[in-house]
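Quick note on the numbering used here: the sequence shown kicks off at 213 and runs consecutively.
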Amino acid sequence: MSKDLVEGCVLDELGKPVAGAYVTIHSEESEVHDIASITGVEGKFRLVAPCGNFSLTATTKSGLHGMARLSEFSAERFAPIIKMHY
213 MSKDLVEGCV
223 LDELGKPVAG
233 AYVTIHSEES
243 EVHDIASITG
253 VEGKFRLVAP
263 CGNFSLTATT
273 KSGLHGMARL
283 SEFSAERFAP
293 IIKMHY
């Protein structure tokens, strides 16, 4: 099974980085589920993504949440931005 490094960023509604967001990756095409990372001070995260299509979900303890769906052909696949809202 092929895997890729995904380095992305989580932003709030104003475009500011969100530190401490819990980011999970989900794939219906792969046996790998719920791989997780926590964003750093600049809102950045790194995950090893399964091949094929997958989605990224970001949540915070304060109630912010956001999601990005990425396909294997998506230009944003290796540097996705997840925009969060309440």
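Heads up, the beta-carbon is just placed ideally off N, CA and C, and yes, glycines get one too.
Might you give, ordered along the chain, the residues of its own chain that have their beta carbon closer than 7 Å to the beta carbon of G264, omitting 5 neighbours on each side?
-> S239, E241, S242, E284
Using CA coordinates, which residue listed in D216, L223, F290 is at the minimum distance from A270?
-> L223
Coarse secondary structure for L268, derived from DSSP in three states = strand
Leaving out five residues on either side along the sequence, give the residues of the same chain with a beta carbon under 8 Å from the beta carbon of P229.
-> C221, V222, L223, T251, V253, E254, G255, K256
In three-state terms, what does DSSP make of D224?
-> coil
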